[in-house]
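There are 2 protein chains.
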Amino acid sequence: MPDYESLWSELGIDLKPHAELLEALLPLYQEVYLSQKNRPRGMEYFDFVVGEIHGLRVQELNDFRRQGGKVVGTFCIYVPEELVLAAGGVYVGLCAGVEVGTAQVEAVLPRNICPLIKSFMGFKLARLCPYFESCDLLVGETTCDGKKKTFEILADYAPVHVMEVPQKKEAPDQELWLAEINKLVARLEELTGKKVTYESLREAIRQLNAKRRALRRLAELRRADPPPISGLDALLIFQIAFYDDVERFTEKVNALCDELEERVRQGVGVVPPGTPRLLVTGTPMAIPNWKLPHLAETSGAVIVAEELCTGYRYFQNLTEEEGGSLEELLVNVARRHLAPHCACFTPNGGRLEDIERLIQEYRVDGVISYVLSFCDPYAVEHYQVEKFLKAKGVPVLKVETDYSMQDAGQLKTRIEAFVEMLRQKT
Amino acid sequence: MPDYESLWSELGIDLKPHAELLEALLPLYQEVYLSQKNRPRGMEYFDFVVGEIHGLRVQELNDFRRQGGKVVGTFCIYVPEELVLAAGGVYVGLCAGVEVGTAQVEAVLPRNICPLIKSFMGFKLARLCPYFESCDLLVGETTCDGKKKTFEILADYAPVHVMEVPQKKEAPDQELWLAEINKLVARLEELTGKKVTYESLREAIRQLNAKRRALRRLAELRRADPPPISGLDALLIFQIAFYDDVERFTEKVNALCDELEERVRQGVGVVPPGTPRLLVTGTPMAIPNWKLPHLAETSGAVIVAEELCTGYRYFQNLTEEEGGSLEELLVNVARRHLAPHCACFTPNGGRLEDIERLIQEYRVDGVISYVLSFCDPYAVEHYQVEKFLKAKGVPVLKVETDYSMQDAGQLKTRIEAFVEMLRQKT
């Protein structure tokens, strides 16, 4: 990796622990990712991105800022990326996915709170995420109690704008959400000094839809048996989707898909045909939260789909591109971004329908219901998921865990037993 | 207590564990309540209500139901009691406040979830709450993730209507909330077969405001030094407010206040003048969740105010009684019920203002910030409360606990040290 120390130093990164963090990440990546067999060549780009995880992209963002550009950090798929682009900004998903800055976090947050929330506050308080430090504005949301209340504290450390995501999807909720979309537009325009116009929004929608189409294409290639790419590699691409440059990323995903299509034609896969096929559903997984997929894919199974925000929920819906006015395009953006079925909604039957559709389309043998500790929305909704799957005769394994490795041995045993059961069933 | 076994049996109560529950409650009440010194005579009625806790009132509700009346159970101060009354129904707050039915609950809910939620689901699943079993409809809300998602499961066991409480209080939120108020009216009218009219709503507002005025009067008498009533007794009255008959309760509270006024005039109190005065703020306390006030008031302090839903938040706001039409009265109800400052809102500066006002008006020496385990909204907002109070120089003690007695010894030590510090300071 080139030397980014002066950049990090300029951003106020705490260099020593940051160096330790990167030193821990790269061997983990080696073990989890580079040890995989039959990887597609097109993964080289994504390996490069991880190798440069706090480097090149951060450099790009800061070059953009030096020219007067504004960077907006987001945490959630409900924050419309289109609006940031259309206002002339660049958006970036923020760091989480690892235990970090715990001592600093526990001085401001309760100990028993979701590891994702502890992680992003830890990155901020310990000054270990150059993306965070490159942001001119953070856009939070009210999708869960923990995040909603933590953004209030985060606002002591950085400029924060919070979008209210409604809890149902009825007419008054849609109106509330459209008002929130308009408020975000105003805030972004104020930030960048540029107007969101019909043309700029249309172009942003086009770019984002192209990215979503590429991700859908990638996802759909995994319907093949054997799948041409591992669940780990697919997850990595979805994780990188949140912070890479949109057009470059879309091009690289499409190039990978060309290769994967060829693989599918030739029957080349990452596992033998007939390998038990898993769907993972639940709370999102930020880099480097790879524990569960790594355990699953070294237990004789392959993950073929993710009903996660770092998966299907991120790219399932396109924004309608037709619209006669800016207002109509904003309505399209609002409609598209209220569509995914996060457990923050009540009731949330659409999620069960998505799971059922993914099971059929991806010929899934078993489901892992993944819940981060203390994540009430997904932990409680697990009951509905399990009831639904049991009624359909689909095997389901609940995995409740955090970012530590303490339970890895026990999880491995449970997952192996689950995979063995699937193997005997199929 | 008269014999209510046949009534409970008819309601489907699981009689043996229910008898054990009551057998545990009454000695606890004896120890916590009846051992208090200098209690006002007017507490006799409230002692009687607790003695009859699952008896007389349940009998009344079921006599009402036999005449065709409908009973509506609620969990939260945002559910407007006025609307239930105006539709010809009776509302009742539901059981919680004690560890119960845990084995049944943990089969459907995650183990690490708020004790209040586990408790109400435990009461329902184990069939131990005759109020639950007397309800024709339960009205839930979306004030926290745990409750929001648990109501979906509860709907498998009883008819549930969920109100969406918005997360901010801006214009679009007020519109959403008014729509929710109108949806509840429609649901209640369907349930009772009676229309909410201008006259019935006006009368209901009048009754509820009279109750709130009586509770305010009670609260304000506690400004005296020494206070004429203990925090434990005041809390009990606020707890009973959620399920007793409105007019009888109002009358009894006012009769007690007459006595308390006389006490204040004569300088009679429940503790010596100069006893350290506490404000308790945080998550609500349902009967018999008396652990914290009992520990505090046997540690040489007196609680003079509660910034809780079982306290100030319940009666601080009156509903505007003037309005030329049913629609205007409904707007008044909506406005009043969005006013209290629950930690479900973001940001929630109004709560800090309330706390500050209570500290001044009630001459508070120290604040206990009370958080039920795994209650993210209050647990995270504690940070804001503590920061605010420290800036004002007001001592604050955070107490995070559950419904068990395991931590009672440790809490007692911490509270005694806090009270001793207040004593030296004043």
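Which chain is which? The protein sequence lines are A and B, in order.
Start counting the first sequence at 920; every next residue gets the next number (my numbering).
Start counting the second sequence at 920; every next residue gets the next number (my numbering).
No residue lacks a Cβ here, since even glycine has one placed at the ideal position from N, Cα and C.
Please classify Asn957 (chain A): is it buried, with 16 or more other beta-carbons within 10 angstroms of its beta-carbon, or exposed?
Exposed is the call here.
Under 7 Å between beta-carbons, which chain A residues line up against Asp1295 (chain B)? List them in chain order, please.
Ile1032, Asp1064, Gly1065 and Lys1068, listed in chain order.
Terminal residues of the continuous alpha helix (DSSP H) containing Tyr1289 (chain A)?
Unbroken run through Tyr1289 (chain A) is the beta strand (DSSP E), Gly1285 to Leu1291; no alpha helix (DSSP H).
Going by beta carbon distance, what residues of the same chain come within less than 8 Å of Pro1191 (chain A), once the five residues before and after it are set aside?
Counting only Cβ-Cβ distances below 8 Å, and skipping sequence neighbours, we find Pro1145.
So, does the stretch 1045–1065 of chain A touch the stretch 990–1001 of chain A, judging by three or more C-beta pairs under 8 Å?
With a cut-off of 8 Å, the stretch 990–1001 of chain A and the stretch 1045–1065 of chain A count as touching, because enough Cβ pairs lie within range.
Where in the stretch 1007–1046 of chain A do unbroken runs of the alpha helix (DSSP H), each at least 4 residues long, occur, reported from the N-terminal end onward?
Here the runs fully enclosed are 1021–1024 and 1034–1044.
Using CA atoms only, rank isn't needed, just tell me which of B:Phe1042, B:Ala1022, B:Ile996 and B:Ile1032 is closest to Ala1015 (chain B).
Closest by alpha carbon: B:Phe1042.
What are the start and end residues of the beta strand (DSSP E) that includes Glu1060 (chain A)?
It spans Leu1056 to Glu1060 - the beta strand (DSSP E) in which Glu1060 (chain A) sits, taken as one unbroken run.
For Met1340 (chain B), report the span of its alpha helix (DSSP H) as first-last.
Looking at the DSSP string, the run of the alpha helix (DSSP H) that includes Met1340 (chain B) is Ala1327 to Lys1344.
I'd like the list of long-range same chain contacts for Phe1307 (chain A), defined as Cβ closer than 7 Å, with 5 residues on each side in sequence excluded.
These residues qualify, in order along the chain: Leu1271.
Taking the alpha-carbon positions, what's the Glu1226 (chain A) to Pro1296 (chain A) distance?
Roughly 15 Å between the two C-alpha positions.
Ignoring anything shorter than 4 residues or poking outside the stretch 1183–1229 of chain A, list the alpha helix (DSSP H) runs there in chain order.
Fully enclosed alpha helix (DSSP H) runs of 4 or longer: 1210–1216.
Tell me, please, whether the CB atom of Gln1303 (chain B) is closer than 8 Å to any CB atom in chain A?
Closer than 8 Å: yes.
Quick check on this structure: which residue in A:Ile1124, A:Gly1065, A:Arg976 and A:Gly1243 has the alpha carbon closest to the alpha carbon of Pro999 (chain A)?
Closest option to Pro999 (chain A), Cα to Cα, is A:Ile1124.
Using DSSP's beta-bridge definition, name the partner residues of Tyr1317 (chain B).
Correcting the residue type first, residue 1317 (chain B) is Lys in the shown sequence and not Tyr. In the DSSP output, where bridge partners are listed per residue, Lys1317 (chain B) has B:Ser1288.
Would DSSP call Gly1242 (chain A) helix, strand or coil?
If DSSP states are grouped into helix, strand and coil, Gly1242 (chain A) belongs with coil.
Answer with yes or no whether the minimum CB distance from Ala1098 (chain B) to chain A is below 8 Å.
Judged by the 8 Å Cβ criterion, Ala1098 (chain B) is in contact with chain A.
Using a Cβ-Cβ cut-off of 8 Å, state whether Gln1086 (chain A) counts as contacting chain B.
It does; some Cβ of chain B falls within 8 Å.
For Trp1209 (chain B), which residues from the same chain have a beta carbon less than 6 Å from its beta carbon, with the 5 sequence-adjacent residues on both sides left out?
Val951, listed in sequence order.
With contact counted as at least three CB pairs below 8 Å, one residue from each stretch, are the stretch 1285–1305 of chain B and the stretch 1021–1033 of chain B in contact?
Contact holds: three or more Cβ-Cβ distances are below 8 Å.
Using a C-beta cutoff of 8 Å, does Val1318 (chain A) count as contacting chain B?
Not closer than 8 Å to any Cβ of chain B, the Cβ of Val1318 (chain A) fails to qualify, so no.
Kindly indicate if chain A contains any beta-carbon less than 8 Å away from that of Ile1072 (chain B).
By this cut-off, Ile1072 (chain B) is an interface position.
Would you call Val1246 (chain B) buried or exposed, if buried means 16 or more other Cβ atoms sit within 10 Å of its Cβ?
According to the sequence provided, residue 1246 (chain B) is Glu. The question's Val does not apply to it. Glu1246 (chain B) should be labelled exposed.
Give me the chain A residues within the contact set of Asp1092 (chain B), using Cβ-Cβ distance strictly less than 8 Å, ordered along the chain.
Glu1083 and Leu1095, listed in chain order.
Given a cut-off of 8 Å, decide if Gly970 (chain A) and His1174 (chain A) are closer than it, judged by their beta-carbon atoms.
Sequence check: residue 1174 (chain A) is Ala here, not His. In this structure, Gly970 (chain A) does not lie closer than 8 Å to Ala1174 (chain A) by Cβ.
State the CB to CB distance for the pair Leu980 (chain A) and Val1011 (chain A), rounded to an integer number of angstroms; the pair is presumed to be in contact (CB under 8 Å).
Right, the Cβ-Cβ distance comes to about 7 Å (below 8 Å), so this counts as a contact.
Compare the Cα-Cα distances from Val1221 (chain B) to each of B:Gln955, B:Leu941 and B:Leu940 and report the closest residue.
Selected option, being the one with the closest Cα: B:Gln955.
Kindly list the residues whose CB is nearer than 7 Å to the CB of Gln978 (chain B), restricted to its own chain and excluding five residues on each side of it in sequence; keep chain order.
Excluding sequence neighbours, Gln978 (chain B) sits near Tyr923 and Leu926.
Under DSSP, the alpha helix (DSSP H) around His937 (chain A) begins and ends at which residues?
From DSSP, the alpha helix (DSSP H) with His937 (chain A) extends over Leu934 to Tyr948.
Between the alpha carbons of Arg1342 (chain A) and Leu1028 (chain B), how many angstroms are there, rounded?
Rounded to whole angstroms, Arg1342 (chain A) to Leu1028 (chain B) spans 30 Å at the Cα level.
If you measure between the beta carbons of Tyr1281 (chain A) and Leu1155 (chain A), is that distance less than 8 Å?
Taking 8 Å as the Cβ cut-off, Tyr1281 (chain A) and Leu1155 (chain A) do not qualify as a contacting pair.
May I ask you to report which of helix, strand or coil DSSP gives Thr1265 (chain B)?
In this structure, Thr1265 (chain B) counts as coil in the three-state DSSP scheme.
Give the DSSP-derived three-state secondary structure of Met1082 (chain B) in the structure shown.
Met1082 (chain B) falls in the strand class under three-state DSSP.
Mapping the DSSP letters down to three states, classify Val998 (chain A) as helix, strand or coil.
In the structure shown, Val998 (chain A) sits in coil (DSSP, three-state: anything other than H, G, I, E or B).
Whose Cβ in chain A lies nearer than 7 Å to the Cβ of Pro1266 (chain B)?
Result: Glu1071.
Identify whether Thr1116 (chain A) lies in helix, strand or coil by the three-state DSSP scheme.
Here Thr1116 (chain A) sits in coil by DSSP.
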